[in-house]
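Student: Residue numbers (the working numbering), protein chains in the order written: chain Z, 1 to 261; chain Y, 262 to 516.
Rendered as structure tokens:
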């Protein structure tokens, strides 16, 4: 009898969990986000294992991102996932730095990315990486150098901020420094990334900047540059970006990244 | 005191002979070792994920050992009829219950040291470094398990092994959420409910006292107050539970 009663209590608890937790889910997506009920509810069910759950959700989010990247390239739940992870583990810096870049560039949700970064700055006021990422998104994605400069400057005031961060704050306000800044930002993203997604993203970003300069050279001069050195010598590039394991080059009138064997 | 140590030692030896314990230790070892599978999918968070995973597994397997072994601790004595020979000797119920409590704690301490050593070895293998700061986790876990041990012993005194196991597991989770009860008192305006919630907040064990996982993983400083609170809270609460347990056990009638 006691066991039956216990089973009954557990069934009622499970029913309540489902009723309260899964409310927000649209019906057709329930299977995909079965492990992502509402924020408050997740926190209340971890039993002290907040960090472990945050890690599992981070891995799950990676799988969600990968799956949609291969198919429809739409990520309607990405913000919600990052929001829950940072509720569980407010010090999970990668969500603020790398996650928000995915949110802004791939999901095209820069407002939500900024919202998440603001949350990150409240929970981690000592970190320079979060305002720096906010500056990155304002500059690269939102094309708002004035706002970007503000956040780079704030990042430069933080302890442990690299010297380069302050230079970024100044460069954003000089139009002539736009190419240099974009290249250095992508190189910075490359340096801090240990994930394939972000390494690929930074290489693509650098290739795009180089291609734009290559086209500009053609437009101005009426002929194509033969190499990146030509672009550098003509003042179209402040430097030639270097990435270990490969090099940027011009092939068949296109800027490409060539992997070294 | 000697009688207590004899009972404790026997409890430890009996538990070690138990196959469940060996299975738990093997599964624990395999799971900690398997944390390597998270490295390629952790999107740049390898060190954090390996540490979180290892620390949590050490704790989870500690909880399983305490609950599995602890919930059957008195029942086994009755089942094997060894309780009659113990009770016929000049051993008070307080000595008997304390001996059982310490025996179980001895076991859990050994299991924790073993699992923690495995975790540290895998940290060295996978991350190429050993963070000495992780040792703090062991200090807090040992006090957390002291309290959980006392709680399971207390429950085993008046419930069946299955019931005490389930209640102990539920209490373990609830004990990590007691701060929500305090939060609710700020929202709820009904005075009687506020009194009930406040009472529950102070009566139920508060395991967040021992939860310093985030502090250790992110290398934040741990205050001396945290060490002292974990120590005093665990010792005091456990002593109270052991006294209540011996009282309840003395009223128990054996078939």
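Quick reminder that beta carbons are idealized off the backbone N, C-alpha and C, glycines included. For clarity, every value in this text was computed on a predicted model and none was experimentally measured.
Where does residue 257 of chain Z sit, in a helix, a strand or coil, going by DSSP?
Tutor: Strand, per DSSP.
Student: Between Y:374, Y:316, Y:355, Y:413, which lies nearest to residue 507 of chain Y when the distance is taken from Cα to Cα?
Tutor: For residue 507 of chain Y, the nearest C-alpha among the options comes from Y:355.
Student: Residues bridged to residue 385 of chain Y by DSSP?
Tutor: The partner list for residue 385 of chain Y (beta bridge, DSSP) is empty, contrary to what the question assumes.
Student: Round the Cβ separation of residue 209 of chain Z and residue 229 of chain Z to the nearest angstrom and send it over; I've been treating them as touching at under 8 Å.
Tutor: With 8 Å as the limit, residue 209 of chain Z and residue 229 of chain Z do not qualify as a contact, their Cβ atoms being about 16 Å apart.
Student: Taking residue 386 of chain Y as the reference, which of Y:376, Y:263, Y:395, Y:311 has the closest Cα?
Tutor: Of the candidates Y:376, Y:263, Y:395, Y:311, the one whose C-alpha sits nearest the C-alpha of residue 386 of chain Y is Y:311.
Student: For residue 248 of chain Z, does the three-state DSSP call read helix, strand or coil?
Tutor: Reduced to three states, the DSSP call for residue 248 of chain Z is strand.
Student: Mind checking which residues open and close the alpha helix (DSSP H) that includes residue 505 of chain Y?
Tutor: Where residue 505 of chain Y is concerned, the enclosing alpha helix (DSSP H) stretches over 485-511.
Student: Can you tell me which residues form a DSSP beta bridge with residue 243 of chain Z?
Tutor: Residue 243 of chain Z is bridged to Z:246.
Student: Assuming contact is defined by CB atoms lying nearer than 8 Å, are residue 243 of chain Z and residue 192 of chain Z in contact in what I supplied?
Tutor: No, the pair does not count as a contact, with Cβ atoms beyond the cut-off.
Student: Just to make sure I have the definition right: I need the residues of chain Z whose C-beta is within less than 7 Å of the C-beta of residue 437 of chain Y. Which are they?
Tutor: Chain Z residues near residue 437 of chain Y: 47, 48.
Student: Please identify the residue among Y:414, Y:397, Y:425, Y:447 whose C-alpha is closest to the C-alpha of residue 484 of chain Y.
Tutor: Ranking Y:414, Y:397, Y:425, Y:447 by Cα distance to residue 484 of chain Y puts Y:397 first.
Student: Mind listing the chain Y neighbours of residue 44 of chain Z? Cutoff is C-beta to C-beta under 8 Å, in chain order.
Tutor: Within 8 Å Cβ-Cβ: 438, 441.
Student: Less than 8 Å between CB atoms is the rule here; does residue 51 of chain Z satisfy it with respect to chain Y?
Tutor: It does; some Cβ of chain Y falls within 8 Å.
Student: Whose C-alpha, out of Y:441, Y:276, Y:289, is nearest the C-alpha of residue 365 of chain Y?
Tutor: Out of Y:441, Y:276, Y:289, Y:276 has the C-alpha closest to the C-alpha of residue 365 of chain Y.
Student: Step through the CB atoms of chain Z and report whether any lies within less than 8 Å of the CB of residue 392 of chain Y.
Tutor: No - not a single Cβ of chain Z is within 8 Å of the one on residue 392 of chain Y.
Student: Give the residues of chain C in contact with residue 158 of chain Z, contact being defined as C-beta atoms less than 9 Å apart.
Tutor: This model lacks chain C altogether; the protein chains it does include are Z and Y.
Student: Run down chain Z in chain order and give the residues with a C-beta less than 8 Å from the C-beta of residue 491 of chain Y.
Tutor: Those within 8 Å of residue 491 of chain Y in chain Z number zero; the least Cβ separation is about 13 Å.
Student: Could you pull the start and end residues of the alpha helix (DSSP H) that residue 80 of chain Z belongs to?
Tutor: Element bounds for residue 80 of chain Z: 78-88.
Student: When the Cα of residue 163 of chain Z is compared with those of Z:132, Z:62, Z:221, Z:55, which residue comes out closest?
Tutor: Cα-wise, what sits closest to residue 163 of chain Z is Z:132.
Student: Can you tell me whether DSSP reads residue 473 of chain Y as helix, strand or coil?
Tutor: Coil.
Student: Using 8 Å as the threshold, is the C-beta distance between residue 199 of chain Z and residue 186 of chain Z below it?
Tutor: No, the pair does not count as a contact, with Cβ atoms beyond the cut-off.
Student: Any Cβ of chain Y within less than 8 Å of the Cβ of residue 94 of chain Z?
Tutor: Yes, its Cβ sits closer than 8 Å to a Cβ of chain Y.
Student: Classify residue 184 of chain Z as helix, strand or coil using the three-state DSSP reduction.
Tutor: Residue state, collapsed to three classes: helix.
Student: Could you check whether the Cβ of residue 181 of chain Z sits closer than 8 Å to any Cβ belonging to chain Y?
Tutor: So, not an interface residue.
Student: In the segment 306-374 of chain Y, which residue ranges form an unbroken alpha helix (DSSP H) of at least 4 residues, counting only runs that do not cross its ends?
Tutor: Qualifying alpha helix (DSSP H) stretches, in chain order: 307-332, 334-340, 343-348.
Student: Enumerate in chain order the residues of its own chain whose CB-to-CB distance from residue 72 of chain Z is below 8 Å, with the five nearest sequence positions on each side excluded.
Tutor: Answer for residue 72 of chain Z: no residue qualifies.
Student: Per DSSP, what kind of secondary structure is residue 128 of chain Z in: helix, strand or coil?
Tutor: If DSSP states are grouped into helix, strand and coil, residue 128 of chain Z belongs with coil.
Student: With DSSP as the reference, label residue 47 of chain Z as helix, strand or coil.
Tutor: Note: residue 47 of chain Z maps to coil in three-state DSSP.
Student: CA-CA distance, residue 384 of chain Y and residue 97 of chain Z?
Tutor: Using only the alpha carbons, I get a separation of about 25 Å.
Student: Would residue 6 of chain Z pass as an interface residue toward chain Y - the criterion being a Cβ-Cβ separation below 8 Å?
Tutor: Taking Cβ atoms only, chain Y reaches closer than 8 Å to residue 6 of chain Z, which makes this a yes.
Student: Tell me which same chain residues have a C-beta within less than 7 Å of the C-beta of residue 27 of chain Z, skipping the five on either side of it?
Tutor: Only weak support exists for where residue 27 of chain Z lies, its pLDDT of 47 falling under 50; the value from the coordinates is given anyway. Contacts found: none.
Student: I need the boundaries of the alpha helix (DSSP H) containing residue 278 of chain Y, first residue and last residue.
Tutor: Its alpha helix (DSSP H) spans residues 263-278.
Student: Taking only three categories from DSSP, how would you classify residue 422 of chain Y?
Tutor: Helix.
Student: Assuming residue 145 of chain Z is part of the alpha helix (DSSP H), what are its boundary residues?
Tutor: That run of the alpha helix (DSSP H) goes 145-157.
Student: Comparing the C-beta of residue 89 of chain Z with each C-beta of chain Y, is any distance below 8 Å?
Tutor: It does; some Cβ of chain Y falls within 8 Å.
Student: Give me the residue from Y:290, Y:370, Y:361 with the minimum Cα distance to residue 270 of chain Y.
Tutor: That would be Y:361, whose Cα lies nearest to the Cα of residue 270 of chain Y.
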